[in-house]
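**Q** Please see the structure below; I have some questions.
In the numbering used here, the protein residues as written are 73 to 176.
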């Protein structure tokens, strides 16, 4: 996540990134403190409602990327991506945001 924190700021004006904890034993303040301790440049929190079930999240470090229209663009589990893969995904999402913005 720290590597992602380094590259995310260049996409933050077009892409929203959230780290969501599935640890039900951690408090909100512990989740926020974790993000601060690790210098994350994006917010942390808990998934809302049925998000974990709806996205079929089965393991930690799952990644789900949504296009501006809410359709899943990308989904992977733990260990199935490196920093260059995430940078490419952020660029793809930024490009989609540009396209969606131009259409409006």
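Note that beta-carbon positions come from the ideal geometry of N, C-alpha and C, so glycine has one too.
If you follow the alpha helix (DSSP H) that residue 105 is part of, which residue opens it and which one closes it?
**A** Segment 100-109, the alpha helix (DSSP H) holding residue 105.
**Q** Apply the 10 Å Cβ neighbour rule to residue 162 and answer buried if 16 or more other Cβ atoms are within range, or exposed otherwise.
**A** buried
**Q** Hey, could you find the ends of the beta strand (DSSP E) residue 205 is sitting in?
**A** Nothing in the structure corresponds to residue 205, since the chain is present only between 73 and 176.
**Q** Under 8 Å, do residue 80 and residue 114 count as touching if we go by C-beta distance?
**A** yes
**Q** Classify residue 97 as helix, strand or coil using the three-state DSSP reduction.
**A** Three-state DSSP puts residue 97 in coil, outside helix and strand.
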